[in-house]
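Q: Sharing a structure here in structure tokens format.
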Amino acid sequence: MSTAQVLSAPDLAVFVKLVVRCFATVSGTAPVFGPSTIEFGPLQLSRYSGFIVVQGPLNGWICLSLPTPVADGLLEMLSEPCRDEIYRLDIAGEVAQTVAANARERFGENLLIHPALVTGDNTIEGTLVQPPLTLRMPFMWRNHDAQLLIGLHS
Amino acid sequence: MNLEITEERYRLVDGFEDSVTHINFPAGVWNIAAKLAKLNKPASILELEKLTEQSSDQIREAIEKLVAQKLVQPNLISWKDFVAAINTTQGEPAIGVQEAAKPSGKPSGPEFVPAEKVIDSKGGFSLVSPAVNGSESQETAGVRLGTISSRSPTTSQNSGWVWKKPDAAMVAGPAPEIPTALPNAKHFIGRPLRPLLSKIEKLRGGVEGQLQVYEVFLRVPHQLLHAEGIKSLHLVDEQTVIQTPALHAAILNAAREVTGVDLS
Chain A
1 MSTAQVLSAP DLAVFVKLVV RCFATVSGTA PVFGPSTIEF GPLQLSRYSG FIVVQGPLNG
61 WICLSLPTPV ADGLLEMLSE PCRDEIYRLD IAGEVAQTVA ANARERFGEN LLIHPALVTG
121 DNTIEGTLVQ PPLTLRMPFM WRNHDAQLLI GLHS
Chain B
155 MNLEITEERY RLVDGFEDSV THINFPAGVW NIAAKLAKLN KPASILELEK LTEQSSDQIR
215 EAIEKLVAQK LVQPNLISWK DFVAAINTTQ GEPAIGVQEA AKPSGKPSGP EFVPAEKVID
275 SKGGFSLVSP AVNGSESQET AGVRLGTISS RSPTTSQNSG WVWKKPDAAM VAGPAPEIPT
335 ALPNAKHFIG RPLRPLLSKI EKLRGGVEGQ LQVYEVFLRV PHQLLHAEGI KSLHLVDEQT
395 VIQTPALHAA ILNAAREVTG VDLS
């Protein structure tokens with residue numbers, strides 16, 4: 001893969017596939033993605049969000065934003081009895097971190113992928129900036145809505 | 155509302171001189187850039203038309219090419235400046251067919267006779283364009299009266315409005331030749347965004363197709379999207395109609411860069 005090709009549509013699709021694989025591996029149920037939107041205004045995030053910051057030909061972040069039922073569902077799948085804030089933050093960060101690690105393996109030196117950051121208050125992580133255009137990819141997992149967001153600076 | 159205020163204006167980007175290296179255009183395109191540089195202020199297509207021998211179509215095409223190369227950009231103004239501009243006009247006529255023909259209120263300006271609604275021979279309503287008194291230029295009169303849209307074939311005859319050329323006998327002085335549409339609307343009357351999104355998306359299909367649309371829009375100048383008032387784009391049932399040729403050209407250009415396909 002050449003540097004120029006990094007983060008073209010097929011490259012971005014890698015992140016989507018990794019999210020699908022992660023959910024499917026943990027729970028046996030793959031999320032189903034719906035029609036995307038490109039957002040130009042403030043984002044409406046779910047309660048728990050894991051951010052994967054990328055640097056390379058394009059800079060920005062990929063965010064996995066999960067509502068409480070999805071975080072609890074994943075904890076249940078991992079046989080984790082606790083359902084408190086710390087565990088929910090932990091699972092949101094863990095999923096993002098897993099995606100980040102696999103993406104790092106896929107892209108190698110062509111893309112710098114930072115350790116995942118996590119928030120638990122419906123907001124963007126404090127050190128990050130929302131780019132002008134964000135791709136919002138809603139998905140459904142076990143009858144619960146969640147979203148994958150891609151925010152790259154042009 | 156004065157159409158001159160709302161008419162889109164363009165200006166050279168900052169650092170224009172540094173950006174033109176290695177870019178080749180027909181002389182007609184550079185001529186428009188030269189006029190903008192000479193004016194040293196934003197200008198509309200109508201204003202540029204007065205300064206050149208090029209037609210509005212040629213100017214519009216040149217602007218699109220310059221915008222696509224990020225050499226020219228639409229002039230954006232703040233709400234405060236917009237209000238200030240509105241307040242500096244006198245006898246502010248409001249948007250709309252009937253009000254476009256109201257007396258301007260300018261003591262020294264041309265007088266407009268209110269339009270009359272009449273029933274034509276087929277029983278449908280018509281808006282008889284007002285007599286234009288004095289030296290109002292054909293162009294200005296055309297702009298104001300050109301906002302009257304012709305009767306849509308799909309609307310009933312009883313509710314449609316029809317523009318009629320003024321009766322020469324009613325006009326003091328030579329009857330102005332009035333264009334049937336705004337100059338800006340001649341070839342660009344708004345294009346739905348949905349077909350463009352579909353074409354881009356279908357080049358890859360599925361999730362990758364949606365990601366490709368995002369990739370394309372990353373390359374479209376944000377100012378153009380903001381100026382169009384677009385808050386979000388739904389990749390499946392988007393209803394937006396692109397109103398500015400500059401945005402349309404920028405999307406086509408970005409799509410060409412990303413996909414290598416000319417979607418125009």
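Going down the list, the sequences are from chains A and B. Going by our numbering, 45 is the number at position 45 of the first sequence; the sequence numbering is gapless. Just remember that our numbering sits 154 ahead of the position in the second sequence, which is counted from 1. Glycine is no exception: its CB is placed at the ideal position from the N, C-alpha and C atoms.
Taking 8 Å as the CB-CB limit, is VAL415 of chain B close to chain A?
A: Chain A, which has no Cβ nearer than 8 Å to the Cβ of VAL415 of chain B, makes this no.
Q: Does SER65 of chain A come within less than 8 Å of chain B when only Cβ atoms are used?
A: For SER65 of chain A, the answer is no, since every Cβ of chain B falls outside 8 Å of its Cβ.
Q: In the DSSP output, which residue or residues are listed as bridge partners for ALA197 of chain B?
A: The partner list for ALA197 of chain B (beta bridge, DSSP) reads B:TYR164.
Q: For GLY41 of chain A, which residues in chain B fall below 8 Å Cβ to Cβ?
A: By Cβ distance, chain B contributes LYS385 and SER386.
Q: Excluding sequence positions up to five away, which residues of its chain have a Cβ less than 6 Å from the Cβ of ARG348 of chain B?
A: Counting only Cβ-Cβ distances below 6 Å, and skipping sequence neighbours, we find GLU392.
Q: Counting only C-beta atoms, is GLU215 of chain B closer than 8 Å to chain A at any point?
A: No, GLU215 of chain B lies away from the interface with chain A (no Cβ there is under 8 Å from its Cβ).
Q: Determine whether the Cβ of VAL390 of chain B lies closer than 8 Å to any Cβ atom of chain A.
A: Interface residue, yes.
Q: For GLN55 of chain A, does the three-state DSSP call read helix, strand or coil?
A: Strand at GLN55 of chain A.
Q: Please tell me whether LEU138 of chain A has its Cβ less than 8 Å away from any Cβ of chain B.
A: The sequence as given places Pro at residue 138 of chain A; Leu does not occur at that position. No - not a single Cβ of chain B is within 8 Å of the one on PRO138 of chain A.
Q: Which two residues bound the contiguous beta strand (DSSP E) that contains HIS144 of chain A?
A: Start and end: 144-153.
Q: Return the residue from the list A:GLY28, A:HIS144, A:PRO42 and A:PRO138 that minimises the CA-CA distance to VAL16 of chain A.
A: Considering only alpha carbons, the answer is A:PRO138.
Q: Classify LEU112 of chain A: buried if its beta carbon has 16 or more other beta carbons within 10 angstroms, exposed otherwise.
A: LEU112 of chain A should be labelled exposed.
Q: How many angstroms separate the CA atom of ALA400 of chain B from the CA atom of LEU351 of chain B?
A: Going from the Cα of ALA400 of chain B to the Cα of LEU351 of chain B covers about 17 Å.
Q: Among the candidates B:GLN227, B:LEU357 and B:GLY360, whose CA atom is the shortest distance from the CA of LEU379 of chain B?
A: Per the Cα distances, B:GLN227.
Q: Taking 8 Å as the CB-CB limit, is LEU200 of chain B close to chain A?
A: No, LEU200 of chain B lies away from the interface with chain A (no Cβ there is under 8 Å from its Cβ).
Q: Can you tell me whether GLN97 of chain A is helix, strand or coil according to DSSP?
A: Three-state result, GLN97 of chain A: helix.
Q: Note down the Cα distance separating ARG219 of chain B from ALA403 of chain B, rounded to an integer number of angstroms.
A: The sequence shown places Lys at residue 219 of chain B, rather than the Arg named in the question. If you take the alpha carbons of LYS219 of chain B and ALA403 of chain B, they lie about 8 Å apart.
Q: Could you tell me whether the Cβ atoms of GLY344 of chain B and GLU355 of chain B are closer together than 8 Å?
A: No, they are not a contact pair.
Q: Determine the burial state of ALA24 of chain A: buried for a count of at least 16 other Cβ atoms within 10 Å of its Cβ, exposed for fewer.
A: It counts as exposed.
Q: Please report whether the beta-carbon of ALA13 of chain A lies at a distance below 8 Å from any beta-carbon of chain B.
A: Output row for ALA13 of chain A: interface = yes.
Q: Please list the terminal residues of the continuous alpha helix (DSSP H) segment that includes VAL26 of chain A.
A: Taken as a continuous stretch (DSSP letters only), the alpha helix (DSSP H) holding VAL26 of chain A covers 9-27.
Q: Check the DSSP bridge columns for CYS155 of chain A and list the partner residues they point to.
A: Here chain A has residues from 1 to 154 only, and residue 155 of chain A is not among them.
Q: Please report how far the alpha carbon of VAL70 of chain A lies from the alpha carbon of VAL174 of chain B, in whole angstroms.
A: Rounded to the nearest angstrom, the two C-alpha atoms are 52 Å apart.
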